[in-house]
Amino acid sequence: MTKPKTIIEKIWEKNIVHEEGNRAILYIDLHLVHEVTSPQAFEGLRMNHRKVRQPNRTFATMDHNVPTKDITNIKDEISKIQMDTLRKNCEEFGISLAGMGHKHQGIVHVIGPELGLTQPGKTIVCGDSHTSTHGAFGALAFGIGTSEVEHVLATQTVWQAKPKTLNVQFDGKLGDGVTAKDLILALIGKYGIGFGSGYVIEYTGEAIRNLSMEGRMTICNMSIEGGARAGLVSPDQTTIDFIEGREFAPKGEAFEQAKQEWLALASDEDAEYDKTIIFNASEVEPQVSWGTNPGQTVSISDLVPNPDHAKTENDKNEIKHALEYMGLEADTPIKDITIEHVFIGSCTNSRLADLEQAASIIKGQKVHPNVKAVVVPGSRSVKVAAEKQGLDKLFLEAGFEWREPGCSSCLGMNDDIIPPGERCASTSNRNFEGRQGNDARTHLVSPQMATAAAIAGHFVDVRTLA
Amino acid sequence: MEPFKQHTGLVYPLNRTNVDTDQIIPKQFLKRISRQGFGQYLFYNWRFDKKDRPREDFSLNFPKYKGTSILVSGENFGSGSSREHAPWALQDYGFKVIIAPSFADIFSNNCTKNGLLPVVLTDAEVSQLIKNAESDSYHLTVDLENLKVYDDKGFETSFTIDEYSRSMLLNGWDEIAVTLTHEDKITEFEKHHVVY
Ligand code: SF4
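From first to last, the protein sequence lines stand for chains A and B. At the far end of the first sequence sits residue 709, using the working numbering, and the numbering has no gaps. At the far end of the second sequence sits residue 215, using the working numbering, and the numbering has no gaps.
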């Protein structure tokens, strides 16, 4: 009998081109490209007279710089240069591009799955740390730097050390009003932002099996926030159902063939992991981050931590520093924190299911007069689908803004910047200092929690809403 | 890439943990399309005030750290975004070595690919170095051939780095050229590999 294997080992072995000690040249099945981390890579190719080895396994889009109010009006000259550069590079090297206004344009981690490009068993890279999102499909997907982008363009491979495997097993069922976002925030809140370092995480357990593909993407998306370079979920029927019929998915006979192979990739029973964490999902409450990294997160019914209760001198300083930046007093109930902004979007929570969840809280109510709330669909397809359902009207009538697809306020690289000192409830993945704008204060929450805060003007426990 | 064998330089202590790449180079500066010129934006939100004037209370602006080339900081240095602009900015500013108890994965990768050496030392050693550099003008030598870090006052320790990164750095190799020596294997692999 052969030794039981994890999906991580199966994909790794399938894609090795050459091994040297613990390192290998790993073949890349899909390379996603966006405008920010690619210009220097293409420049490197040109300087060395190199070509793109597999243009048809490379797919480009624009997201970070996109102006989401009016896509035809790029005010920032340098943003424009970066987008024009991507367009020219794609033309020169023969790469498909979903540029501004294209029906497939959107956040790179939203469009890959949506187009059926993201599939189980694939090795997927992108010059972006949230590439881990694609792991939801049982793909080995991780972020790379620009030198590696150039390397993949030129060779369709990357050098990788064989990853260690970490099983994060979520037992139990999620309570009402508790989402995938709360689950991953609670995990990072408990184990910190370094627990996954050096590992590829496989998320397993009842709570994961019960999640939709959107929920699984939210979880895998934030693997990097726990220090892991990649996180994935073994494929099952939910995965297959999501992929079937999508534009770049195999069709007919080929789909049946692929389906069998995909399902066989799931981790074998009794497969061994280098480490296992067991986490009870049924006890998780809605989460709100209070500090300046995603590990600084507590439950909605908690208080802002007090540095005097910290275990180490180092923790104490970190808490103090974070409270100062966030403009918060220790021991303040999370529910008493008032906000000025709400951002619903980003590759963590901007898919149709996320927007539906966010809209379900509105129930005819209005955004609080002190709050500016914005909804940014993750892609053009999400936007079109949401409008078909009338979600745009629901949001607009409640006083939200309804925008064009892009990264928007997830990072202040475009026009959607949170002003200094102002506070934002955000469905994105990072609450680092300055992430949403200079001195902007970010609280990470689920889409439901974001809507509830938009209406109340402060954080509320969605479970208490009738 | 320039080969890296040994370097002696002035140490700058950044006594913080979890310094993320958004701090190292804020995103508003990611829009350039070449690799050069990012040093002026390094730690921008810490180094400059709202009116873009250097902040006197941020230590990197202290005259005594002028010309520094070795940065020592707390654990999990370089977390967050995968932006290679972070090592580019550190390097363009003049840093050749970063010492910390631990580094974020992608960041560490990005460093070695650009000839910037990440050195992992223990918590205690890092605290000692930070203390030395805070109180005095403090120089260290980092020797990649012999995997040693030492000063001229008796501090000496060794470190490890994976052999692959070490030889890339020592030789200043272009990784793509190295990989392309295996091109026949890639071609062979592609003949049998199914991608749907
Ligand atoms: S939405 Fe945010 S995290 Fe996701 S790719 Fe865009 S900038 Fe990065």
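Ideal Cβ positions, reconstructed from N, Cα and C, are used throughout, including at glycine.
Supposed contact pair residue j and residue i - C-beta distance, whole angstroms, cut 8 Å
i	j	result
I195/B	T398/A	6 Å
L687/A	P537/A	6 Å
L159/B	I89/B	6 Å
G458/A	T422/A	7 Å
G381/A	I271/A	So it is not a contact: roughly 16 Å between Cβ atoms.
I427/A	I462/A	5 Å
D414/A	A524/A	6 Å
I338/A	P298/A	5 Å
V260/A	F208/B	5 Å
L166/B	P22/B	No, L166/B and P22/B are not in contact; Cβ-Cβ is about 16 Å, not under 8 Å.
L639/A	E599/A	About 16 Å separates the two Cβ atoms, so there is no contact after all.
Where residue i falls: helix, strand or coil (DSSP)
i	result
N80/B	helix
K615/A	strand
N190/B	helix
H158/B	strand
Q55/B	coil
G287/A	helix
I520/A	strand
A514/A	coil
S184/B	helix
V214/A	Nothing in the structure corresponds to residue 214/A, since chain A is present only between 244 and 709.
D574/A	coil
V527/A	coil
E103/B	coil
H564/A	helix
R666/A	strand
W65/B	helix
V197/B	helix
V91/B	strand
N316/A	coil
P298/A	helix
N258/A	helix
F675/A	coil
H211/B	helix
C-beta neighbour in chain B for residue i, strict 7 Å
i	result
H686/A	no
I321/A	yes
Y446/A	no
L358/A	no
S390/A	yes
V351/A	no
L654/A	yes
F675/A	yes
R330/A	no
Q403/A	no
D272/A	yes
H394/A	yes
G458/A	no
Interface residues of chain D facing residue i [CB-CB closer than 9 Å]
i	result
L566/A	Note that chain D does not occur in the displayed structure, where the protein chains are A and B.
Proximity test, Cβ basis, 7 Å: residue i and chain A
i	result
N190/B	no
L109/B	no
I180/B	no
N80/B	no
D203/B	no
R54/B	yes
K50/B	yes
T198/B	yes
I117/B	no
I125/B	yes
Distance CB(residue i)-CB(residue j) smaller than 7 Å
i	j	result
G349/A	S542/A	no
G388/A	N37/B	no
N464/A	T591/A	yes
V625/A	G588/A	no
G474/A	S440/A	no
K132/B	S390/A	yes
P478/A	P363/A	yes
D39/B	F675/A	yes
P690/A	D597/A	yes
I254/A	G359/A	no
A105/B	P32/B	no
T245/A	H274/A	no
S372/A	S177/B	no
So within the segment 412 to 438 of chain A, which uninterrupted alpha helix (DSSP H) runs reach at least 4 residues, ignoring any that extend past its ends? If we require 4 residues or more, the alpha helix (DSSP H) runs fully inside the segment 412 to 438 of chain A come out as 423 to 434.
Output the residue ranges of the beta strand (DSSP E) runs that lie fully inside the segment 334 to 395 of chain A and measure 3 residues or longer, sorted by chain position. Runs found: 339 to 341, 366 to 369, 383 to 386.
Going residue by residue through the segment 100 to 146 of chain B, where are the continuous alpha helix (DSSP H) segments of at least 4 residues, counting only ones entirely within it? List check, alpha helix (DSSP H) in window: 104 to 112, 124 to 131.
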